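Peer 1: Below is the structure I would like to discuss, written out as structure tokens.
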Amino acid sequence: MHLVRTASSLPLTAFPLAELRTGRFSTGAYVVDTLSWRSPYTSVTLTGAEENDADEAVYAGCVLLSGKGGVLVHDIGINGAAYRHYALADYVEQLSLLEPQLLILSMGTNDCYSTRFQMADFTESLEQMLMLVKEILPKTKILLTTPPPSFFRQASTHYVVTGRRRKHRKKVTTMTYRFNENAARVSEEIMRRAELHGVAAFDLFSAMGGQSGINSWIADGLMAGDRVHYSRDGYERQGRLITSALERALSIR
189 MHLVRTASSL PLTAFPLAEL RTGRFSTGAY VVDTLSWRSP YTSVTLTGAE ENDADEAVYA
249 GCVLLSGKGG VLVHDIGING AAYRHYALAD YVEQLSLLEP QLLILSMGTN DCYSTRFQMA
309 DFTESLEQML MLVKEILPKT KILLTTPPPS FFRQASTHYV VTGRRRKHRK KVTTMTYRFN
369 ENAARVSEEI MRRAELHGVA AFDLFSAMGG QSGINSWIAD GLMAGDRVHY SRDGYERQGR
429 LITSALERAL SIR
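All letters in the sequence shown, in the order written, are residues 189 to 441 by my numbering.
In structure tokens, the structure reads:
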């Protein structure tokens with residue numbers, strides 16, 4: 189188990205007892221402690237090594253490792269997050285502690301899901317993210333993906349007169365959907381920036397058919413009712429599209 193903490197924080201100890209290596213590697217204000225067990229356990233209790241009133245203890249997270257090797261995949265996602273939320277040196281420094289060989293940046297929907305969307309603001313956030321990753325993670329390969337198609341929705345309400353004497357009114361809400369053109373614009377910008385920076389990119393927007401092809405996804409039940417998110421099967425199909433593209437790229441090499 190890798191535990192990420194600020195350098196001023198004391199290391200954690202664990203019960204059952206574990207082999208502890210403090211500050212195994214570090215970056216910026218963060219260090220990583222490593223706890224190892226010789227036997228498998230289903231429950232572990234972590235406690236502070238000792239009391240420390242001078243500094244605030246800050247633990248940023250932990251990573252469980254099997255020790256058996258193979259491909260290790262981390263996924264990080266927060267509802268509503270956009271590039272501007274991740275394009276921070278502090279965050280990328282924490283990310284570097286995972287020592288990733290490949291970093292897949294799959295965002296864009298939340299960036300462009302607004303009628304007040306400004307391309308200049310998005311480009312600035314994307315540029316900042318790419319520059320930080322290339323500076324702090326110089327050995328990590330980057331793969332950008334474009335956002336999938338989405339729709340804006342708007343509710344309209346009207347009243348229908350009902351009843352034999354037509355004295356009752358029934359409230360009826362109608363939902364209308366309008367294709368999010370910003371998603372297409374953001375996709376083009378991501379592909380353009382990927383070429384400028386010499387990093388890999390996969391155009392998920394186009395692979396899904398763009399505006400003309402999204403209706404088949406809706407008909408197959410692969411898109412959620414809000415026309416922004418997707419069903420579980422829909423996300424799995426997106427994953428297969430990206431995986432297939434990766435496999436083709438690796439086979440060429």
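A virtual CB, placed ideally from N, CA and C, is assigned to each residue, including glycine.
All values derive from a computational prediction rather than experimental measurement.
1. Am I right that residue 334 and residue 299 are in contact with their C-beta atoms under 8 Å? What's the rounded C-beta distance?
2. Using the C-alpha atoms, what's the distance from residue 262 back to residue 331?
3. Spatial neighbours of residue 362 within its chain, please: C-beta separation below 8 Å, excluding the five flanking residues on both sides.
4. Measure the C-alpha to C-alpha separation of residue 394 and residue 197 and round it to an integer number of angstroms.
5. What did DSSP end up calling residue 211 once you bin it into helix, strand or coil?
6. For residue 427 and residue 420, what's the separation of their Cα atoms in angstroms?
7. Whole beta strand (DSSP E) runs in the segment 381-409 with 3 or more residues, listed along the chain?
8. What are the start and end residues of each continuous alpha helix (DSSP H) run of 4 or more residues lying completely inside the segment 288-336, in chain order?
9. Would you kindly work out how many angstroms separate the C-alpha atoms of residue 201 and residue 312, rounded to a whole number?
10. Can you tell me the Cα-Cα spacing of residue 436 and residue 429, whole angstroms?
11. For residue 421, which of helix, strand or coil comes out of DSSP?
12. Going straight from the alpha carbon of residue 339 to that of residue 220, what length do you get?
13. Just curious, the alpha helix (DSSP H) that residue 284 is in, first and last residue?
14. Looking at the structure shown, is residue 230 part of a helix, part of a strand, or coil, going by DSSP?
15. Express the C-alpha separation of residue 250 and residue 371 in angstroms, rounding to a whole number.
16. Cα separation between residue 296 and residue 389?
17. Under DSSP, the beta strand (DSSP E) around residue 357 begins and ends at which residues?
18. So, do the segment 264-277 and the segment 309-323 have three or more beta carbon pairs nearer to each other than 8 Å?
19. Can you say whether residue 382 is buried or exposed, counting buried as having 16 or more other CB atoms within 10 angstroms of its CB?
20. Could you give the first and the last residue of the continuous beta strand (DSSP E) run that contains residue 190?
21. In chain order, what residues of the same chain lie with their CB nearer than 6 Å to the CB of residue 225, ignoring the 5 residues before and after it?
22. What residue does the beta strand (DSSP E) around residue 346 start on, and which one ends it?
23. With DSSP as the reference, please indicate the residues paired to residue 202 in a beta bridge.
24. Can you name the residues that DSSP bridges to residue 261?
25. In the structure shown, what three-state DSSP assignment does residue 217 receive?
Peer 2: A quick look at the data gives this:
1. Incorrect: roughly 11 Å between the Cβ atoms, too far for contact.
2. So the two alpha carbons sit approximately 15 Å from each other.
3. 343, 344, 345 and 346, listed in sequence order.
4. Those two C-alpha atoms are separated by around 47 Å.
5. Secondary structure at residue 211: strand, using DSSP grouped into helix, strand and coil.
6. If you draw a straight line from the Cα of residue 427 to the Cα of residue 420, it comes to about 11 Å.
7. Runs of the beta strand (DSSP E) inside the segment 381-409: 388-390.
8. Counting whole runs of 4 or more residues, the segment 288-336 contains the alpha helix (DSSP H) stretches 297-300 and 307-324.
9. Looking at the two C-alpha atoms, the distance is approximately 42 Å.
10. If I take the Cα positions, the gap works out to 11 Å.
11. Under the three-state reduction of DSSP, residue 421 is assigned to helix.
12. Cα to Cα, residue 339 sits roughly 42 Å from residue 220.
13. Per DSSP, residue 284 belongs to the alpha helix (DSSP H) from 277-284.
14. In this structure, residue 230 counts as coil in the three-state DSSP scheme.
15. Rounded to the nearest angstrom, the two C-alpha atoms are 34 Å apart.
16. Between the C-alpha atoms of residue 296 and residue 389 there is a straight-line separation of about 13 Å.
17. Note, residue 357: beta strand (DSSP E), 356-367.
18. The answer is yes - the segment 309-323 touches the segment 264-277, with three or more Cβ pairs under 8 Å.
19. By the Cβ-count criterion, residue 382 is buried, with 16 or more other Cβ atoms from all chains shown falling within 10 Å of its own Cβ.
20. Residues 190-194.
21. Excluding positions up to five away in sequence, the list reads 206.
22. Annotation: the continuous beta strand (DSSP E) that includes residue 346 extends over 339-350.
23. DSSP, once it has assigned bridges, lists 234 as partnering residue 202.
24. Beta-bridge pairing links residue 261 to no other residue.
25. Three-state DSSP puts residue 217 in coil, outside helix and strand.
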